[in-house]
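These notes concern the structure reproduced below.
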Amino acid sequence: MSGRELSRRSFFAASAAAGAAVVTTHPIHLAAQAAGIKAADMPDLTIKEAKIYVLDGSSWRNSGAGLSGGNEIASLVTNSGIEGNFTLGNGAGGVRTPAGSWIDFAKTYCVGKNLFDILPTVSTIPLQNGPGPGGGGGGAAGGGRGGAAAAGAGTAVAAAPGAGRGGGGRGGGDFIGGFNPGFRSRTHGTGTPGPNAHAAICDFVLWDIMGKAVNRPIYKILGGTKTKILAYASSQHLTNVEDYGPDILKAKAAGIKAYKIHPGGGQHKTGGRIPAYLGHIDEIKEVRQAVGDDFTLLFDGVQAYNYYEALRVGRALDEYGYDAFEDPMQTTDLEGLIELRKHLDVPTEVGEFLTNIYDYGEYIKRDAMGIVRLVTDGVGGISGSFRVGQLADTFGMPCTPHNWGTFFDMAAAFQVELALPNCYWFEMVWPWEYADRPYVKHQFRVDADGYVTAPTDPGMGYPLDMAVVDKLTTRIDR
-16 MSGRELSRRS
-6 FFAASAAAGA
4 AVVTTHPIHL
14 AAQAAGIKAA
24 DMPDLTIKEA
34 KIYVLDGSSW
44 RNSGAGLSGG
54 NEIASLVTNS
64 GIEGNFTLGN
74 GAGGVRTPAG
84 SWIDFAKTYC
94 VGKNLFDILP
104 TVSTIPLQNG
114 PGPGGGGGGA
124 AGGGRGGAAA
134 AGAGTAVAAA
144 PGAGRGGGGR
154 GGGDFIGGFN
164 PGFRSRTHGT
174 GTPGPNAHAA
184 ICDFVLWDIM
194 GKAVNRPIYK
204 ILGGTKTKIL
214 AYASSQHLTN
224 VEDYGPDILK
234 AKAAGIKAYK
244 IHPGGGQHKT
254 GGRIPAYLGH
264 IDEIKEVRQA
274 VGDDFTLLFD
284 GVQAYNYYEA
294 LRVGRALDEY
304 GYDAFEDPMQ
314 TTDLEGLIEL
324 RKHLDVPTEV
334 GEFLTNIYDY
344 GEYIKRDAMG
354 IVRLVTDGVG
364 GISGSFRVGQ
374 LADTFGMPCT
384 PHNWGTFFDM
394 AAAFQVELAL
404 PNCYWFEMVW
414 PWEYADRPYV
424 KHQFRVDADG
434 YVTAPTDPGM
444 GYPLDMAVVD
454 KLTTRIDR
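Residue numbers for the sequence shown follow our numbering, so the first one is -16 and each next one is one higher.
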């Protein structure tokens, strides 16, 4: 594979380098410094109101449950009239950020308080009642979510009868697309659960307000200097092995320079059933053959495999020149991840299922991950994500935020990617229309060279079209 245009060595340095400020001072002072004003001259950033715009999402694609909603827009408004927003994204029964009690959380921790006082601390408010929606245990992804319900929105995987997600890899079972939303990592260093998802939403909204207060996008406040980032297409969980070749060719024709497989059911269109991991190896081979050697490819196991399966799949990734093996096994299997790293060249990408920033230290220290992965709302919003990214950079490791979700999930991850010097790629939901929402005029697309261009608007970077929001609003919860 020596002729590949983007080698493993160059993959995580393919985007322009950028500096990033180490947050050793109050975020407000960083914002004021970025804008060239005194912190004392900032507008009144006391939060006077919390509300949720509940929208009719029937007019856009993938507006249902799971990671694809965006029907509910959280809002905090300051005394000076600045409004910050972020989508709750997943509906009242959502996977990561249920709407049901966010308004009460925001009233308790934000309303009546100044952003100066709450932004540095809100993202550290822990979960009060253990694991989040969907169950699951504090030491394993237990309980299982059998059948098609585990697949999540948008997947085309047909679940085999009786298939489920066990606690330590399933050993020869059928892959169910998607992940266990109830997963919580062990708490290695703190003895407390990770951040509250409601707190993460508040953190997003407060950073949006702060950027608007100083007329700067968030990444510029954090010292980011990038103007664009290369994108890779992040596939759906497709039904059959043969579906992936045409899918990657569409992404390549659209100008995207890399592609990540989310493996599907692992079955061929014809013939009898086979163990899913063997079908995934066939997907790995088919995708490489479809695009040739000079194309960057990634693979996301979504915690599906036991050690033996992960080793077999990982060796196929080595053979066909893939650049990352994301979540090869249950994240709780720390010893298995350590052992797997010893036998593969492809770097393992781990962290999407960690929800306590203090867990990352042990995984890094014990060489259980080669690439640091995070979910922005899983580690406390912009604040927690930046801390994890800085930790990774300290050890010379790439950091890859998870962009999948609603439009604003992608926007928040992009701000982090633009701010940190060790984030090199933008995970593009594929097909990219999946994340479009009519209440945002912008759409995530690549330019002629395969890059996503940095936003210039302040805060989260993508202002709401309030005329459309007003038209779609069915009610406002206060």
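The beta carbon of each residue, even a glycine, is placed where N, CA and C say it ideally should be. If you're wondering where the values come from, they're calculated on a predicted model, not measured in any experiment.
With H, G and I counted as helix, E and B as strand and the rest as coil, what does DSSP make of residue i?
{"i": "residue 37", "result": "strand"}
{"i": "residue 437", "result": "coil"}
{"i": "residue 382", "result": "strand"}
{"i": "residue 403", "result": "coil"}
{"i": "residue 412", "result": "strand"}
{"i": "residue 212", "result": "strand"}
{"i": "residue 420", "result": "coil"}
{"i": "residue 31", "result": "strand"}
{"i": "residue 207", "result": "coil"}
{"i": "residue 308", "result": "strand"}
{"i": "residue 263", "result": "helix"}
{"i": "residue 56", "result": "strand"}
{"i": "residue 217", "result": "strand"}
{"i": "residue 512", "result": "Given that the chain is displayed from residue -16 to residue 461, the structure contains no residue 512 and the question cannot be resolved."}
{"i": "residue 242", "result": "strand"}
{"i": "residue 323", "result": "helix"}
{"i": "residue 286", "result": "coil"}
{"i": "residue 318", "result": "helix"}
{"i": "residue 65", "result": "coil"}
{"i": "residue 328", "result": "coil"}
{"i": "residue 354", "result": "strand"}
{"i": "residue 19", "result": "coil"}
{"i": "residue 257", "result": "coil"}
{"i": "residue 504", "result": "Summary: the structure shown does not reach residue 504, with the chain confined to residues -16 through 461, and so no result is reported for it."}
{"i": "residue 123", "result": "Residue confidence is low: residue 123 scores 29 on pLDDT, short of 50, so the model does not pin down where it sits. No coordinate-derived value is stated."}
{"i": "residue 186", "result": "helix"}
{"i": "residue 250", "result": "strand"}
Compare the Cα-Cα distances from residue i to each of the options and report the closest residue.
{"i": "residue 99", "options": "55, 65, 71, 9", "result": "9"}
{"i": "residue 381", "options": "399, 389, 390, 366", "result": "399"}
{"i": "residue 393", "options": "199, 27, 415, 448", "result": "415"}
{"i": "residue 351", "options": "379, 316, 305", "result": "316"}
{"i": "residue 260", "options": "52, 395, 296", "result": "296"}
{"i": "residue 404", "options": "342, 181, 377", "result": "377"}
{"i": "residue 387", "options": "95, 417, 368, 447", "result": "417"}
{"i": "residue 251", "options": "234, 235, 240, 269", "result": "269"}
{"i": "residue 26", "options": "198, 104, 107", "result": "198"}
{"i": "residue 310", "options": "271, 179, 38, 358", "result": "358"}
{"i": "residue 276", "options": "331, 240, 287", "result": "240"}
{"i": "residue 429", "options": "216, 452, 201, 335", "result": "216"}
{"i": "residue 186", "options": "321, 23, 104", "result": "104"}
{"i": "residue 422", "options": "22, 17, 41", "result": "41"}
{"i": "residue 214", "options": "370, 396, 324, 460", "result": "396"}
{"i": "residue 62", "options": "266, 196, 38, 43", "result": "196"}
{"i": "residue 308", "options": "30, 327, 318, 22", "result": "327"}
{"i": "residue 389", "options": "233, 210, 451, 427", "result": "427"}
{"i": "residue 391", "options": "52, 280, 219, 94", "result": "52"}
{"i": "residue 210", "options": "454, 438, 452, 39", "result": "438"}
{"i": "residue 462", "options": "262, 235, 194", "result": "There is no way to answer for residue 462, as the model of the chain reaches only from -16 to 461."}
{"i": "residue 278", "options": "343, 235, 24", "result": "235"}
Can you have a look at residue i and say buried or exposed, based on whether 16 or more other CB atoms are within 10 angstroms of its CB?
{"i": "residue 245", "result": "buried"}
{"i": "residue 203", "result": "buried"}
{"i": "residue 253", "result": "exposed"}
{"i": "residue 227", "result": "buried"}
{"i": "residue 312", "result": "buried"}
{"i": "residue 462", "result": "Residue 462 is absent from the structure shown; the chain starts at -16 and stops at 461."}
{"i": "residue 384", "result": "buried"}
{"i": "residue 303", "result": "buried"}
{"i": "residue 137", "result": "Low per-residue confidence applies at residue 137: pLDDT is 30, beneath 50, and the placement is therefore not dependable enough to give any value."}
{"i": "residue 181", "result": "buried"}
{"i": "residue 291", "result": "exposed"}
{"i": "residue 432", "result": "exposed"}
Between residue i and residue j, how many whole angstroms is the CB-CB distance? I'm expecting something under 8 Å.
{"i": "residue 212", "j": "residue 434", "result": "6 Å"}
{"i": "residue 363", "j": "residue 183", "result": "5 Å"}
{"i": "residue 285", "j": "residue 305", "result": "With 8 Å as the limit, residue 285 and residue 305 do not qualify as a contact, their Cβ atoms being about 15 Å apart."}
{"i": "residue 102", "j": "residue 189", "result": "5 Å"}
{"i": "residue 191", "j": "residue 68", "result": "6 Å"}
{"i": "residue 332", "j": "residue 353", "result": "7 Å"}
{"i": "residue 38", "j": "residue 455", "result": "4 Å"}
{"i": "residue 13", "j": "residue 207", "result": "Actually they are not in contact, since the Cβ atoms of residue 13 and residue 207 sit about 12 Å apart, beyond 8 Å."}
Looking at the C-beta of residue i, does it have a partner C-beta in chain B at a distance below 7 Å?
{"i": "residue 281", "result": "Reference to chain B is not applicable here, since this structure consists of a single protein chain."}
query = Do the region 404 to 421 and the region 85 to 93 meet, that is, are 3 or more Cβ pairs less than 8 Å apart?
reply = no
Stretch pair the region 243 to 261 + the region 441 to 450: three plus CB contacts closer than 8 Å = no
task = Indicate whether the contact test is met: 3 or more Cβ pairs, each with one atom in the region 29 to 40 and one in the region 58 to 68, closer than 8 Å.
result = yes
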